[in-house]
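Q: Numbers 2 to 379, taken from the working numbering, label the letters of the sequence shown in order.
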Amino acid sequence: MDARRRLQTVVAAGPEPNTPSTWPVPWGATTTLIQDYAALVYRVCLHWPLFKEVLGNISNNLPTNVSNMFGAKNIYNPETGVPDLTGKVAIVTGGNAGLGKNSVLEFARHGAKVYMASRTESRARQAIEEVIAQVPNAQIEYLHLDLTSLESINQAADEFISKESQLHILLNNAGVMAMASELTKNGFDIQWGTNYIGHALLTKLLLPTLIKTAQNSPKNSVRVVNVTSEAHRGSRLGINFADTALATSSKLSRYAHSKLANLLHAKALAKRYSEHGITAVSCHPGVVFTDLYVPFTSSLGFLGSAISWPLKWFTASPKVGSYNQIALCTSPQVTTEDGGSYYIPVLKKSSPSAYGQDDTLADKLWEYTEQQLRDRGY
Ligand SMILES: NC(=O)c1ccc[n+]([C@@H]2O[C@H](COP(=O)([O-])OP(=O)(O)OC[C@H]3O[C@@H](n4cnc5c(N)ncnc54)[C@H](OP(=O)(O)O)[C@@H]3O)[C@@H](O)[C@H]2O)c1
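(1) Between A13 and L312, what straight-line distance do the alpha-carbon atoms span, to the nearest angstrom?
(2) Pair every Cβ in the stretch 229-239 with every Cβ in the stretch 347-358, then say whether three or more of these pairs are closer than 8 Å.
(3) Tell me where the beta strand (DSSP E) around Y344 begins and ends.
(4) Report whether the distance from the Cβ of D376 to the nearest heavy atom of ligand 1 is below 6 Å.
(5) What I want to know is whether the C-beta of A98 ends up closer than 6 Å to one or more non-hydrogen atoms of ligand 1.
(6) State yes or no: is the C-beta of Y324 within less than 7 Å of the C-beta of C284?
(7) Does ligand 1 have a heavy atom nearer than 6 Å to the CB of V289?
(8) Pop quiz: K260 and T229 are said to be a contact at Cβ under 8 Å. What is the actual Cβ separation, rounded to whole angstroms?
(9) Below 8 Å CB to CB, which residues in the same chain sit around N173 once its five sequence neighbours on both sides are set aside?
(10) State yes or no: is the beta carbon of R110 nearer than 7 Å to at least one beta carbon in chain D?
(11) For D190, verify whether its CB is less than 6 Å away from any heavy atom of ligand 1.
(12) With distances taken Cα to Cα, identify the nearest neighbour of H183 among G176, Q192 and E276.
(13) Is the closest heavy atom of ligand 1 to the C-beta of A91 under 6 Å?
(14) Determine the DSSP secondary structure at L238, reduced to helix, strand or coil.
(15) By the three-class DSSP mapping on this structure, what secondary structure does T87 have?
(16) Would you call S166 buried or exposed, if buried means 16 or more other Cβ atoms sit within 10 Å of its Cβ?
(17) Determine the direct distance from the alpha carbon of L301 to that of V282, and round the result to whole angstroms.
(18) Do H169 and V90 have their CB atoms nearer than 7 Å?
(19) For S123, count the other beta carbons within 10 Å of its own beta carbon; 16 or more makes it buried, fewer makes it exposed. Which is it?
(20) Would you say the beta carbon of N325 is closer than 6 Å to some non-hydrogen atom of ligand 1?
(21) Closest to G287 by C-alpha separation, out of S254, S306, K349 and R255, would be which residue?
(22) Return the chain-ordered ranges of every beta strand (DSSP E) run that is complete within the stretch 143-207 and spans a minimum of 3 residues.
(23) For G305 and S299, what's the separation of their Cα atoms in angstroms?
(24) Under the assumption that T149 contacts T195 (Cβ atoms under 8 Å), give the Cβ distance between them as a whole number of angstroms.
(25) Quick one: grab the DSSP three-state call for T249.
(26) Taking D339 as the reference, give the member of L151, I212 and A269 with the closest Cα.
(27) Given a cut-off of 7 Å on the beta-carbon distance, is the pair Q140 and K102 in contact?
(28) Straight-line CA distance for A179 to P18?
(29) To the nearest angstrom, how far is the alpha carbon of P84 from that of T214?
(30) Please identify the residue among Y197, K365 and E231 whose C-alpha is closest to the C-alpha of K272.
(31) May I ask you to check if the CB of P286 is nearer than 6 Å to at least one heavy atom of ligand 2?
(32) Starting from K365, follow the alpha helix (DSSP H) in both directions and report where the run begins and ends.
(33) Applying the 10 Å Cβ sphere with the 16-neighbour rule, what's the burial state of E130?
(34) Looking at N155 and A125, is the spacing between their C-beta atoms short of 7 Å?
(35) Using only CA atoms, which one of T210, F297 and W314 lies nearest to G278?
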């Protein structure tokens, strides 16, 4: 009998003996509701393996477009999907947690030397230990990088260039979401500065190495992958060049704004550097309940805690959520001709918002960014 039928049988059999709904009611009618709720939770716990199987089947049978939004369950396997990366060098920003950490793991597992470019060193050291526990011969180096500081980004690029002459994979993955208004050391809104400007400078400083690597490698070996989000669609007025801090907008609007910029940056990069052998694309990982959501859920107080539990259970795991970016960084299927494309899980080209398709806007963002960086000495 399939899981759904078995569950129906369990439900039809009625409440188990001694469930919370049969416990004595010492006070008013509302207690009954609480008891019913407790009885439901009790039943779910009692039959959890069965519930989990049914939920898993539901999520696997959702229309592809819907299930893709929630991650790449059962549609990609990095063990077989990632080719041998021996001799390749990768940088993963935000590699010490969430999607970045699993990307580091898979690159290292397949033989690449990986630089875990992260801000919080203690978390990075811990993450490196965890990866090495799974991949004992992993080659991983910590690279200190604080994307809120252009100086730190410059130092990270210098340190990398002093150690390596090649860079095959630059995964611009680090990010923050729903942060309260705050300016970075260089005067950018925290989300705009971390998610977009920081990565734009890092990429710019590493471009000579990326280009040199492409010249000395087989075609389509060099990738820049920007992790954006379906949330880019929330940037309803495109890019506000006059006020990138979006002082009067919500935290989530500012996140959407920065993610639209990540997407357009990959487009602009591809336009300028595809002919140099660089494949630049952007991707949405799926919805994955990582630490990214903490500023958002904690700002909601009790409601935040209440939605955290279902979010954790109904969204993809960080492992599954990292599949799209891992595939884009490594799959032989992705070529320079795909430059500028936007992908949803896994390896599926998707149409971004109208602003995300706007080449003129991408050019304007490129010029704006160059000017901002020049003004600050980069
Ligand atoms: N999770 C989702 O549902 C989802 C959906 C769409 C898009 N995305 C995108 O996926 C990417 C990865 O997110 P995630 O879910 O893996 O989040 P996460 O678990 O919170 O990880 C974020 C990473 O970014 C790093 N980071 C934050 N601020 C930094 C800074 N100033 N300098 C350097 N590193 C910094 C963090 O390192 P520290 O330890 O130093 O803080 C951490 O390693 C983000 O770009 C996010 O926008 C995620």
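Here a beta-carbon is modelled for each residue, glycine too, at the ideal position from N, C-alpha and C.
Keep in mind the model is a prediction, meaning the values are calculated, not measured.
A: According to the structure data:
(1) So the alpha carbons of these two residues sit roughly 28 Å apart.
(2) Three or more Cβ pairs closer than 8 Å define a contact, and the stretch 229-239 meets that threshold against the stretch 347-358.
(3) Residues Y343 to I345.
(4) The answer is no for D376.
(5) Yes, since a heavy atom of ligand 1 falls inside the 6 Å radius drawn around the Cβ of A98.
(6) No, Cβ-Cβ distance for Y324 and C284 is not below 7 Å.
(7) At least one heavy atom of ligand 1 sits closer than 6 Å to the Cβ of V289.
(8) At roughly 5 Å, the Cβ-Cβ gap stays under 8 Å, so K260 and T229 are in contact.
(9) Non-local beta-carbon contacts of N173 in its own chain, meaning distances under 8 Å to residues more than five positions away in sequence, involve T94, H200, L203, T204, V225, V226, N227, V228 and N263 in chain order.
(10) The structure shown contains no chain D; it is built from a single protein chain.
(11) No, ligand 1 has no heavy atom inside 6 Å of this Cβ.
(12) The displayed chain sequence assigns Glu, not His, to residue 183. Comparing Cα-Cα distances from E183 to each of G176, Q192 and E276, the minimum goes to Q192.
(13) Not under cutoff, so the answer is no.
(14) Shown here, L238 sits in coil according to DSSP, grouped into three states, outside any helix or strand.
(15) Here T87 sits in coil by DSSP.
(16) Result: exposed.
(17) Taking the straight line joining both Cα atoms gives about 34 Å.
(18) Yes, they are a contact pair.
(19) Taking every protein chain shown into account, the CB of S123 has fewer than 16 other CB atoms within 10 angstroms, so this residue is exposed.
(20) Every heavy atom of ligand 1 is 6 Å or more from the Cβ of N325, so no.
(21) Taking G287 as reference, the option from S254, S306, K349 and R255 with the minimal CA-CA separation is K349.
(22) Taking only runs of at least 3 residues, the beta strand (DSSP E) segments lying wholly in the stretch 143-207 are 170-173.
(23) For G305 and S299, the distance between alpha carbons rounds to 6 Å.
(24) So it is a contact: roughly 6 Å between Cβ atoms.
(25) Coil at T249, not helix or strand.
(26) Cα-wise, what sits closest to D339 is A269.
(27) In this structure, K102 does not lie closer than 7 Å to Q140 by Cβ.
(28) Between A179 and P18, the C-alpha separation is close to 46 Å.
(29) Each residue's alpha carbon lies about 18 Å from the other.
(30) Nearest of Y197, K365 and E231 to K272, Cα basis: K365.
(31) The ligand content of the structure shown is limited to ligand 1, which means ligand 2 is not among them.
(32) Looking at the DSSP string, the run of the alpha helix (DSSP H) that includes K365 is D360 to D376.
(33) Exposed: under 16 other Cβ atoms inside 10 Å.
(34) Contact: no.
(35) The option with the nearest alpha carbon to G278 is T210.
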